[in-house]
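Adding 78 to a residue's 1-based position in the sequence shown gives its number in the numbering used here.
Virtual Cβ for every residue (Gly too), placed ideally from N, Cα, C.
Since we're looking at a predicted model, the values are computed, not measured.
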Amino acid sequence: MSTAMMRVAGVETFGEPLRLLEVPIPAPGPGEVLVRVRAAAVNPADAGMVAGRYRWAEPVRFPLVPGYDVAGEDAATGVAVVAFTMHKTTQRGGYAQFVALPADLVVPLPPGADPVAAAALPLAGLTAWQALDTLGDDVRTLSINGRGAVGAFARSLAADRGLTPVDDDGPVDAALDTVGGARAWAAFERVRPGGRYATVVPEFWVPGGPFAPARGIEPLVVSVRYDREQLLGLVDRFARGVLSPAIEAVLPLSEAATAHQRLTGGGRTGKLILRPGR
Ligand SMILES: NC(=O)c1ccc[n+]([C@@H]2O[C@H](COP(=O)([O-])OP(=O)(O)OC[C@H]3O[C@@H](n4cnc5c(N)ncnc54)[C@H](OP(=O)(O)O)[C@@H]3O)[C@@H](O)[C@H]2O)c1
79 MSTAMMRVAG
89 VETFGEPLRL
99 LEVPIPAPGP
109 GEVLVRVRAA
119 AVNPADAGMV
129 AGRYRWAEPV
139 RFPLVPGYDV
149 AGEDAATGVA
159 VVAFTMHKTT
169 QRGGYAQFVA
179 LPADLVVPLP
189 PGADPVAAAA
199 LPLAGLTAWQ
209 ALDTLGDDVR
219 TLSINGRGAV
229 GAFARSLAAD
239 RGLTPVDDDG
249 PVDAALDTVG
259 GARAWAAFER
269 VRPGGRYATV
279 VPEFWVPGGP
289 FAPARGIEPL
299 VVSVRYDREQ
309 LLGLVDRFAR
319 GVLSPAIEAV
329 LPLSEAATAH
339 QRLTGGGRTG
349 KLILRPGR
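Below is the structure:
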């Protein structure tokens with residue numbers, strides 16, 4: 079019997095450009111769901127994965143297929159879903175026609191939801207949600223830097239919690255940095271003495287930000303973790319129009335390398351989405 083194959087975008091060694099590869103369609107294990115991927119979002123972390131910049135919990139398996147965020151259907155039932163692949167742990171990447179994932183990581187989408195927009199939700203949305211939680215709910219003035227996916231979601235989620243981020247340059251109770259480096263310092267310096275500061279950009283990723291306490295402010299680094307209730311919360315807010323991800327381009331899987339080049343170029347207008355095709 080011949081093995082059914084699928085297209086993925088991956089690398090055989092760290093640092094090479096992503097290219098199309100053929101690998102077997104994964105067989106879902108007990109308690110797993112096979113997702114037929116209609117849209118996979120491109121995140122800065124994916125480029126770090128390909129470059130070998132992450133510390134892995136276990137030896138890396140090649141070909142390395144990146145991708146944290148997918149939307150599509152449960153291949154067995156046809157139900158529309160969105161999923162977080164927990165790539166760093168599972169090494170099951172979303173830049174693929176199919177991905178098999180533990181059922182806990184897969185949540186239903188409302189009927190008719192656009193998979194392209196839904197695919198933009200998990201990684202950036204969970205990060206933004208957890209960053210706001212880290213800052214706490216006693217914050218009355220908040221500033222958020224960066225107009226990327228995490229910054230945009232954080233602004234929308236904060237407003238949904240009744241706290242509209244400020245745009246002026248005055249002192250604030252709390253600041254969230256989504257950029258790192260000098261921009262992180264600018265955010266930190268706005269925080270009133272004893273206030274709260276969190277960044278989603280760790281020192282190994284962009285050095286040069288504030289990572290030591292000063293003026294009674296403890297810099298907190300947010301590292302995203304999976305939380306099913308929060309992903310359901312993001313889907314709910316997406317369905318109600320609280321979250322409407324900006325999409326810059328939808329590209330075929332064969333252009334994954336181009337998508338990664340675009341991540342670091344200027345003129346960004348939103349999320350890059352890969353479509354694996356049939
Ligand atoms: N710690 C964690 O667990 C975690 C999780 C997710 C992401 N991150 C990190 O957080 C950082 C931000 O991630 P991200 O997903 O927000 O990156 P992103 O969407 O790729 O945005 C990166 C930058 O591109 C520009 N940009 C993107 N979309 C734009 C738009 N619609 N309009 C204008 N400018 C736009 C922005 O530059 P300007 O700021 O100059 O406007 C933005 O700061 C990255 O370093 C990422 O690695 C960390």
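| request: With distances taken Cα to Cα, identify the nearest neighbour of M84 among I103, V300, T91. | output: Locating residue 84 in the sequence shown gives position 6, where the first residue counts as 1. Closest by alpha carbon: I103.
| task | Write down every uninterrupted run of the alpha helix (DSSP H) in the stretch 194-261 whose length is 4 residues or greater and which is fully enclosed by it, in chain order. | result | 200-213, 227-238
| request: Between the Cα of D215 and those of P106, R274, Q175, spot the shortest distance and give me the residue it belongs to. | output: Counting from one through the sequence shown, the residue named residue 215 turns up at place 137. Cα-wise, what sits closest to D215 is R274.
| query | For ligand 1, is there a heavy atom less than 7 Å away from the beta-carbon of W283? | reply | Reading the sequence shown from its first residue, position 205 is the one you call residue 283. Under cutoff, so the answer is yes.
| message | Tell me the residue span of the beta strand (DSSP E) that contains T163. | response | Your numbering for residue 163 matches position 85 in the sequence shown. Segment: none, T163 is in no beta strand (DSSP E) and carries neither H nor E.
| Range of the contiguous alpha helix (DSSP H) that encloses R340 | Position 262 of the sequence shown holds residue 340. Unbroken alpha helix (DSSP H) run through R340: 334-342.
| query | For F92 versus V128, is the C-beta distance shorter than 8 Å? | reply | Your numbering for residue 92 matches position 14 in the sequence shown. Your numbering for residue 128 matches position 50 in the sequence shown. Closer than 8 Å, so yes.
| Rounded to a whole number of angstroms, what is the C-alpha to C-alpha distance between T277 and L341? | Looking up residue 277 in the sequence shown gives position 199. Looking up residue 341 in the sequence shown gives position 263. A straight-line Cα-Cα distance of about 20 Å links T277 and L341.
| task | Could you spell out the range, first to last residue, of the alpha helix (DSSP H) harbouring R128? | result | Here residue 128 refers to the residue found at position 50 when the sequence shown is read from its first residue. According to the sequence provided, residue 128 is Val. The question's Arg does not apply to it. Note, V128: alpha helix (DSSP H), 122-129.
| message | Since L201 and F176 should fall inside the 8 Å C-beta cutoff, what is the C-beta to C-beta distance between them, to a whole number of angstroms? | response | As a working mapping, residue 201 is identified with position 123 in the sequence shown. As a working mapping, residue 176 is identified with position 98 in the sequence shown. Taking a contact as a CB-CB distance under 8 Å, the pair L201 and F176 does not count as one, their CB atoms being some 19 Å apart.
| field | Range of the contiguous alpha helix (DSSP H) that encloses A317 | value | Taking the first residue of the sequence shown as position 1, residue 317 is located at position 239. In this chain, the alpha helix (DSSP H) harbouring A317 covers 306-317.
| D245 to L235, Cα distance in whole Å? | Working through the sequence shown from its first residue, we reach residue 245 at position 167. Working through the sequence shown from its first residue, we reach residue 235 at position 157. Approximately 16 Å, taken between the alpha carbons.
| message | When you compare the stretch 279-295 with the stretch 303-318, are there three or more beta-carbon pairs, one atom per stretch, that lie closer than 8 Å? | response | no
| message | In the DSSP output, which residue or residues are listed as bridge partners for R293? | response | Within the sequence shown, the letter at position 215 stands for residue 293. Answer is none; R293 lacks a bridge partner.
| task | Going by DSSP, name the residue or residues bridged to V89. | result | As a first step, residue 89 is located in the sequence shown; it is residue number 11 there, counting from the start. Answer is L142.
| query | Looking at the structure shown, is L96 part of a helix, part of a strand, or coil, going by DSSP? | reply | Locating residue 96 in the sequence shown gives position 18, counting from the first residue. In the structure shown, L96 sits in coil (DSSP, three-state: anything other than H, G, I, E or B).
| query | So who's on the other strand from R114, going by DSSP bridges? | reply | On the sequence shown, residue 114 is found 36 positions in, with the first residue counted as 1. As a beta-bridge residue in DSSP terms, R114 pairs with E151, F176.
| For R233 and A324, the rounded distance between their alpha carbons | Locating residue 324 in the sequence shown gives position 246, counting from the first residue. Locating residue 233 in the sequence shown gives position 155, counting from the first residue. Rounded to the nearest angstrom, the two C-alpha atoms are 13 Å apart.
| message | Using only CA atoms, which one of E110, S80, R114, A125 lies nearest to H338? | response | The residue you call residue 338 lines up with position 260 of the sequence shown. Cα-wise, what sits closest to H338 is A125.
| According to DSSP, which residues form a beta bridge with R356? | Within the sequence shown, residue 356 is the residue found at index 278, counting from 1. Beta-bridge pairing links R356 to no other residue.
| Beta-carbon proximity of D147 to V111, cut-off 8 Å | The count along the sequence shown starts at 1 and reaches residue 147 at position 69. The count along the sequence shown starts at 1 and reaches residue 111 at position 33. V111 is positioned such that its CB atom lies no closer than 8 Å to that of D147.
| query | Is E136 helix, strand or coil when you go by DSSP? | reply | Numbered from 1 along the sequence shown, position 58 holds the residue referred to as residue 136. Of the three classes helix, strand and coil, the one that applies to E136 here is coil, per DSSP.
| message | So the candidates are V101, E94, P189, P95; which of them puts its Cα closest to the Cα of S357? | response | No answer is possible for residue 357: it lies beyond the span of the chain, which begins at 79 and ends at 356.
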